[in-house]
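In what follows, a single structure is set out as structure tokens and then discussed.
Protein chains: 2
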Amino acid sequence: MSLIVQKYGGTSIGTIEKIGNVADKVAACVKNGNKVVVAVSAMSGETNKLIALANEMSENKHARELDVLVSTGEQVTIALLTMALLDRGCDARSYTGAQIRMVTDDAHGKARIKNIQCENMKADLDANRVVVVAGFQGVDENGNITTLGRGGSDTTAVAIAAALEADECQIYTDVSGVYTTDPRVEPKARKLDRITFEEMLEMASLGSKVLQIRAVEFAGKYNVPLRVLSSFEEGEGTLIALEDDGVEQALISGIAFNRDEAQLTIKGVPDQPGVASKILGPVTDANIEIDMIVQNTSEDGFTDFTFTVHRNDYQAAHDLLKGVCADLGAKKLKGDDAIVKISLVGVGMRSHAGIANTMFATLANENINILMISTSEIKISVVVDEKYLELGVRSLHEAFGLDSDGHLKNL
Amino acid sequence: MSLIVQKYGGTSIGTIEKIGNVADKVAACVKNGNKVVVAVSAMSGETNKLIALANEMSENKHARELDVLVSTGEQVTIALLTMALLDRGCDARSYTGAQIRMVTDDAHGKARIKNIQCENMKADLDANRVVVVAGFQGVDENGNITTLGRGGSDTTAVAIAAALEADECQIYTDVSGVYTTDPRVEPKARKLDRITFEEMLEMASLGSKVLQIRAVEFAGKYNVPLRVLSSFEEGEGTLIALEDDGVEQALISGIAFNRDEAQLTIKGVPDQPGVASKILGPVTDANIEIDMIVQNTSEDGFTDFTFTVHRNDYQAAHDLLKGVCADLGAKKLKGDDAIVKISLVGVGMRSHAGIANTMFATLANENINILMISTSEIKISVVVDEKYLELGVRSLHEAFGLDSDGHLKNL
């Protein structure tokens, strides 16, 4: 007997019929001898409807009350799903975030989970009852309703799985698993059977938006085996877990990319201690998130400093930097918002040299100029002109043997 | 400075615009130097929509989950109204039934309030904050969400007013007050400035559906002055309070009626101890509510036993009684579901003889045959053929000087 936490997103429970299908899946899992906790999102579109209602009511953002409002979305689905389970002879009980005492901090709209009271859930599971929990929501220490922010239901599920020491946390979604890259860009993209937490983090943050990144961090931290699978198709999905020593690791697990980047370069900055924080300080103070940062070795006491931001923040960051450049006595400010980032991800690269070289050679072979490079233990990212996105991804996908019919070509 | 509890029903807050109007009213009350608690219902139609969703999901009634579902309706309105108040510079905070700890028994769908935790509300009121509470809902001792049943928001408001010892509980609705009778039947019906709790109870239970009867009971028990007034028109409405010794009481406050009655008579029952419970026992066991009961003095050891039930329950009660009649050796079972009840209500009748006689004479004058009579301290009810409803109500309304241009005629 296993303890399974399942999570169903909005598209999986978008209609009464689909909620019925989810109830069938849950009931089948129970019949197979498992104890099950289910976390659910609001029916697809409902959260947006509630936010639209708030916007119609007020031009201001009243964070506490917005959480009171939008948290009703999940409350509707837990009740409906529990009814459907009871109809299937599957004993079940619903809980809001407040009832489960999913305690968070008080950052309304983006709260972080602090702890979970498991007594109710454990009692229900012991009584062979399915526990249906409203995802995305919690309460602060004072009992105010909070929400975890978009995609927070994934985090709810993983946090419950961690607290209950579940055997597996299954995230049901509208894709059948994690792919080597986005199949819309490379039709030969292959579903991965297994990927490590670290790889998934790199994939997720780089644009493969299957799972909420915080959920993956949480799962990695507490070592909760996480499975992404489809609500609509049969299949084993992709297991996200610790590195498995017994299995030969693929060199590269996948190729992520991000179209939302813009690049800013300050050229000829006097190379002094503290220069980086003088440049980035005003940017982060303006709540602009910075992604890649590259600084080259200094030449003649001057250095070039480059970083990327979300494309929506490009103009604001550019305006800010004009002042910074003048203050620092930098020579020139350059910017480009027609760039993309392409990243190779794989724990295998830790033990293999030559990956970076193969990457650069493959791109050179296609006459793709690399504008910026950044590397980590399990990732190599390059920035290129946005027109090269598809060509770059496809050539790398083939070169690293990721195609569904593929084999290693350039190594 | 007064402490006022206001309650706004679904039609008062049916749209974003109307919620804004309610916020204006509340803000004005605060500006006049009052501390205010507001209890609200769901936006009109929302509760029915949620129930329809439940019916679409399941043919069975899952009472606990239905309460989880429908309680979201009020949660939406408390958030929106609080946003609107904040926009008007009126500090405010929303609370669900669970957050206020409106503790009820566990009778889902028709729960009764047991106690209310006032600490949060008092702290907010002390900080000059408007407290916005979700009506209609509570939690049982174990934290399960409960609802008080239709119209329960009135009870929420009165219970809070009682717990906080408020100066007045104002029920805003779509009528401008309590009338001497239904203006749709008698256009000359007059709004009452004042009525006692007891009179209001008789009026409400007899079909003047302005206020939930439980709310009036509650208000009377804890002596909470209750005011019914319109959300849409200016005016003082009707104050429901203890009898005011300083003021000359009207003989009759109003004429209530009920079209939903059906009458059942068992004729020739052997007159023995315990016969009433043998007749009514099976009916109440079948969850059929009994309204009027009349038993005449016995003749030759036999008696006639008559009672009324809701018209929807007529057939079921009739079927049940067939068996009972056989068991008791009664002579005959008669029934009539084309009857109505008309009632005079007034605390004044306690100290005045002749009211009943005037009533019967007035009806006789119109050739209206009385089928059944039942009296209490402050009420006289008669059952007549349903075709006489309008004529009966109007002639009594005039006879007792209730017409807007009226004067006492027959006394």
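So the protein lines, in turn, are chains A and B. So that you can map any letter, position 62 of the first sequence is 62 in the numbering used here, and since no number is skipped, the others follow by simple counting. So that you can map any letter, position 218 of the second sequence is 218 in the numbering used here, and since no number is skipped, the others follow by simple counting. Idealized CB from N, CA, C, for every residue including glycine.
| Query | Result |
| --- | --- |
| Own chain partners of SER376(B) with C-beta closer than 7 angstroms, once the 5 adjacent residues on each side are dropped | none |
| Nearest neighbour of VAL139(A), chosen from ILE116(B), TYR95(B), VAL178(B) [CA to CA] | TYR95(B) |
| Beta-ladder partner(s) of ASP336(A), from DSSP | GLN263(A) |
| Which residues DSSP lists as bridging SER94(B), in chain order | VAL132(B) |
| Cut-off 7 angstroms between Cβ atoms - residues of its own chain near LEU411(B), not counting five sequence neighbours on either side | Low confidence applies to LEU411(B): its pLDDT is 41, below 50, so where it sits in the model is not reliable, and the reading given next is rough at best. Cβ neighbours of LEU411(B) beyond the five flanking positions: GLY354, THR358. |
| Cβ of SER41(B) within 7 angstroms of any chain A Cβ | no |
| Which of helix, strand or coil DSSP assigns to LYS110(B) | coil |
| For ILE19(A) and ILE13(A), believed in contact at Cβ under 8 angstroms, the rounded distance | 5 angstroms |
| Minimum Cβ-Cβ distance from GLU445(A) to chain B less than 7 angstroms | Because chain A spans 1 through 411 in this model, residue 445(A) falls outside it and cannot be assessed. |
| Identity of the residues DSSP links to PRO270(B) by a beta bridge | PHE302(B) |
| Residue of VAL384(A), GLU386(A), ASP304(A) minimising C-alpha distance to VAL275(A) | ASP304(A) |
| Under the three-state DSSP convention, the category LYS409(B) falls into | Here the model assigns LYS409(B) a pLDDT of 45, short of 50, so the residue's position is not dependable, and the following value carries that caveat. Three-state result, LYS409(B): coil. |
| Alpha carbon of CYS29(B) to alpha carbon of VAL228(A), nearest angstrom | 54 angstroms |
| Proximal chain B residues relative to THR72(A), where beta-carbon distance stays under 7 angstroms | THR72, GLN75, VAL76 |
| Bridge partners - ASP124(B), DSSP secondary structure assignment | BP columns for ASP124(B) are empty, so no partner. |
| As assigned by DSSP and simplified to three states, the class of ALA189(B) | coil |
| LYS409(A) to LEU251(A) span [Cα, whole Å] | The pLDDT assigned to LYS409(A) is 45, lower than 50, so where the model puts this residue is not dependable; a value taken from the coordinates is nonetheless given after this. Approximately 13 angstroms, taken between the alpha carbons. |
| Unbroken alpha helix (DSSP H) run spanning ASN258(A), endpoints | It is not in any alpha helix (DSSP H) - ASN258(A) instead sits in the beta strand (DSSP E) that spans 254-258. |
| Under the three-state DSSP convention, the category GLY138(B) falls into | strand |
| Residues that SER176(A) bridges to, as DSSP identifies them | None, per the DSSP bridge assignment. |
| Which of helix, strand or coil DSSP assigns to LEU226(A) | strand |
| Contacts around VAL347(B), its chain only, beta-carbon distance under 7 angstroms, and the 5 residues preceding and following it disregarded | THR196, GLU198, GLU199, GLU243, GLN249, ILE378 |
| Cβ shell of VAL269(B) (< 6 angstroms), same chain only, five flanking positions each side left out | VAL275, THR303, PHE305, LEU328, ALA330 |
| Contact check, LEU169(A) vs VAL210(A), beta carbons under 7 angstroms | The residue asked about is misnamed: residue 169(A) is Cys in this sequence, not Leu. No, they are not a contact pair. |
| Per DSSP, the bridge partner or partners of MET102(B) | ILE116(B) |
| Sufficient close CB pairs (3 or more, under 8 angstroms) joining the region 101-120 of chain B to the region 122-134 of chain A | no |
| Test: GLY143(B) CB closer than 7 angstroms to a CB of chain A | yes |
| Under 7 angstroms by beta carbon: chain A residues contacting SER94(B) | GLU65, VAL68 |
| C-alpha distance - ILE368(B) paired with GLU236(B), whole-angstrom precision | 37 angstroms |
| contact_flag[the region 33-50 of chain B, the region 61-74 of chain A] where n(CB pairs < 8 angstroms) is 3 or more | no |
| CA-to-CA distance, LEU320(A) to ASP300(A), given in whole angstroms | 26 angstroms |
| Segment limits, alpha helix (DSSP H) that includes THR147(B) | Counting along the chain, THR147(B) falls outside any alpha helix (DSSP H), though it belongs to the beta strand (DSSP E) covering 145-147. |
| Within 7 angstroms, strictly: CB atoms of TYR172(A) and SER253(A) | no |
| The ligand FAD heavy atom lying under 6 angstroms from the CB of LEU81(A) | Although the ligand FAD was asked about, the structure shown includes no ligands whatsoever. |
| Given 8 angstroms, three or more beta-carbon pairs between the region 70-77 of chain A and the region 69-83 of chain B | yes |
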